Amino acid sequence: MKPGKDVVWPKRLLKIDVSGDVLKVVLVGPSDTSQEYIALSHCWGTSKDGQQTTSTVPPKTNTTDLENYKSAGISESSLTKTFRDALDITRKLGVEYIWIDSLCIVQDDEEDWRIESRKMGSIYGNAYLVIAATLAKDGDHGLYCERAQRRIEFQTSAGEQVKAAVFLKAHHDIWKKGEQFWDVQDLPLFDRAWAFQERLLARRVVHYTPTELVWECSCSIDCECGDLQNPNTSWAEFKPGKNLKTKYSDVLVDSNMARLKFWHDICAQYSARQLTFPSDRRPALSSVARRIDFPGMGGAYLAGIWRDSLPHGQFWWSEFTNPKLYPLGAKTHRRDKSHKIPTWSWLSIGGRVSTWGISQACLIVVEILNVHYIPAMDGDDYGPCGEGIITLRSPGAPIEVAESKLPDGPSNKEVQLVGNQNSYDFYADENPFEHPAQNLKDSQLLAFLFGYSPSHSQVFILKLVPGTSKRYERLGIANLCPHEWFAGQTARVIELV
Ligand SMILES: [Zn+2]
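Counting in this note's numbering, the sequence shown runs from 42 upward without gaps.
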C-alpha cells in the first residue's frame, strides 16, 4: 500500500513513541521520512474575519525549537486536544508517524515554508490516511465528541427492571448542509481554503463530524448512517456514493474538456473558503491546479483561470445575494491588493464567486489581444502571482455609479451612462463596496463590452488606474445594460490589471 519510489516525501514527520504510559512525539528528519504516515487536516483557529482566536493557536515549530524537538521531543502537554486525539487515532490504527503542518514545517523559516507548501499535493496525496478534524473550529475542540443518547427504562418479559442508554442513530444532515448548501457552521473545516485542497488531494479521508464519521476516497463516499450511499436519500447533484472529491479523481483521468469544465466547480467551491492570510489564496489551490494540469489542458495557468478559457473565464461575479449565507451589511467579499492578484481574476476576491465556466452564455464580443502573466517565483507557475496584464479590445462607454433604487435588491449599486438617469444593476466584486463616492466621481469609469445576449449587453465595470491612459482595474460586472450603450462606439484597446 506504500507509495512508489518516485514520490516526494515531506521533509519531516512526527514519530510517536510510547513507553509505558508516557507518550513522546519526536520530529524526525529526511532519513526517516520514507515511512507510512497519517496526515492531519485541521483549522488553525481563526474567525471569519481572519483574526486569530485566543488560546487556540496551534503548537508550532520555530527555528529555535527545531533541535530540541528532534532530540528531546515535544511534550504531550504542550499539544492541543485536536493534536492529542489525532495521535491517539494514529496509534490505534497501528501507524507510527503523523504529519501536522504547524509542527512539520518550520513556521518562521520562509524558505522551508515555500518548499514544503509546494509539496502539499504529495504530502496529502501520499499519506496512508488523512484525518480531517472537520468538526473542530480550533485546537481546543478535539476529534471525539459525545454521541446523542437517550436514557430509557423498561421491564423485561421476566419482570426484570432494566435501565439503559440508547445511542441515537448517526445522521448526516450536517454534512449535507455543509457540502450542498454552504452551511458550514457545524463543519468549520469546510470553511477553510487549505483544507479544501487537502481533501481533494488525499487518497482517503476520515472526517470527524459532530454526528458521525464520514469516509471519502477517490472512488466513493460513505458514512455511518449509510445515507450517502442510499439512492433514495442522496442529493440530486451526485449519484449515491459520489461527490466533489470523487468527481475530481474522475476528471484526472478524463479529457481535457472535462478538466476545464470541472474548474468551474472548483471556482465556486474554493472561493467560498476562508484564509488566515489573504496572500495564501493562490498557493492554497496550487497543488490542485498542478495535478489537474495536463499538456494542452487549458494553456497556461494564470491566476485561477486557464489561458484557453479566456475570455469566458474572466466573466465571473461575486455571490452575496443569499441573505441567509451573507447577511446584509456583513463583510463578505474583500479585494486585498497586497498579494498582487490582478482584478480580472476571481482569486483577487476573498468571497464566493460564480462563473459561466466555458459555456457559451452570450455572443462574446471582447477580443483578447495579449496575456502577460509572470509568477512571483521563478519556476512556480502555480504559486503566488507576480504580475498579470490582459490586453483587450471591445467597445466601451463612459459611465457613473449610482445608488440602487432597491437597496435590498440583488445588487446594491447601479450604473448609468454619464449624464443619463436610466440606471441598471451593477454587481460589484466587493461587499461592501469600498470605493468612496467622491473617489468614483473623480475617476474615469468605463462599461466595457464583454458580449451580447438577445436582450441585454454584458459588461465589465472598470475604473481607470490614476496616471495611466488605458490601464484599468475591475470593479464588477453588469449584465442588463441596453445594446444602445454601445451603438456607434468604436472598439478601444485597454489593459486590465
Ligand atoms: Zn450519514
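Ideal Cβ placement from N, Cα and C applies to all residues, glycine included.
Being a predicted model, the structure only gives us computed values, none of them experimental.
- Within the same chain, Cβ atoms closer than 8 Å to the Cβ of Tyr110 are found at Val67, Leu68, Thr102, Leu144, the five residues on either side in sequence being excluded.
- In the structure shown, the three-state DSSP call for Glu257 is strand.
- Contact annotation: Ile431 and Ile409 have beta-carbon atoms nearer than 8 Å.
- Secondary structure in the region 306-346: the alpha helix (DSSP H) runs of 4 residues or longer, each lying completely within the stretch, are 324-333 in chain order.
- DSSP links Phe474 through a beta bridge to no other residue.
- Between Phe527 and Leu490, the alpha-carbon positions lie close to 8 Å from each other.
- By the neighbour-count definition (other C-beta atoms within 10 Å, threshold 16), Arg191 is an exposed residue.
- Relative to ligand 1, the nearest heavy atom lies less than 7 Å away from the CB of Asp268.
- Per DSSP, reduced to three states, the secondary structure at Phe303 is helical.
- Between the alpha carbons of Gly429 and Ala344 lies a distance of about 8 Å.
- Within the chosen limit of 7 Å, ligand 1 does not reach the beta carbon of Glu257 with any heavy atom.
- Beta-bridge analysis with DSSP links Trp526 to no other residue.
- Contact annotation: the region 307-314 does not touch the region 261-275, with fewer than three C-beta pairs closer than 8 Å.
- The C-alpha of Gly200 lies about 37 Å from the C-alpha of Tyr185.
- In this structure, DSSP gives Asp58 an extended state, which the three-state scheme calls strand.
- The Cβ-Cβ distance between Cys84 and Ala205 does not fall below 8 Å.
- Counting C-beta atoms within 10 angstroms of its own C-beta, His353 has 16 or more neighbours from the protein chains shown and is therefore classed as buried.
- Burial of Glu455 is indicated by the presence of at least 16 other C-beta atoms within 10 angstroms of its C-beta.
- According to DSSP, residue pairing for Ile193 in a beta bridge involves Ala205.
- For Cys145, the enclosing alpha helix (DSSP H) has its first and last residue at 142-145.
- Glu220 has its Cβ no nearer than 7 Å to any heavy atom of ligand 1.
- Ser350 is positioned such that its CB atom lies no closer than 8 Å to that of Val394.
- DSSP lists Val412, Leu537 as the bridge partner or partners of Ile431.
- Shortest Cα-Cα distance from Val255 to any of Gln238, Gly282, Pro272 involves Gly282.
- Exclusion of the five residues before and after Ile115 leaves Val66 as the residues of its chain whose Cβ lies within less than 6 Å of its Cβ.
- Asp181 is positioned such that its CB atom lies closer than 8 Å to that of Lys122.
- Here the region 462-477 makes no contact with the region 324-340; the two share fewer than three CB pairs at distances below 8 Å.
- Distance from Pro51 to Ile164 at the Cβ level is roughly 5 Å; contact confirmed, criterion being Cβ atoms closer than 8 Å.
- The alpha carbon of Ile440 has as its nearest neighbour, out of Cys426, Asn463, Thr509, the alpha carbon of Asn463.
- When distances are taken from the beta-carbon of Cys186 to the heavy atoms of ligand 1, even the shortest one reaches 7 Å or more.
- In the three-state reduction of the DSSP assignment, Thr362 falls in the coil class, being assigned neither a helical nor a strand state.
- Around the beta carbon of Phe195, fewer than 16 other beta carbons lie within 10 angstroms, which makes this residue exposed.
- For Leu241 against Tyr289, the beta-carbon gap comes to about 5 Å, under 8 Å, which counts as contact.
- By the 16-neighbour rule on beta-carbons within 10 angstroms, Asp179 is buried.
- Contact between Ala417 and Lys378 does not hold, since the beta-carbon distance rounds to 14 Å and is not under 8 Å.
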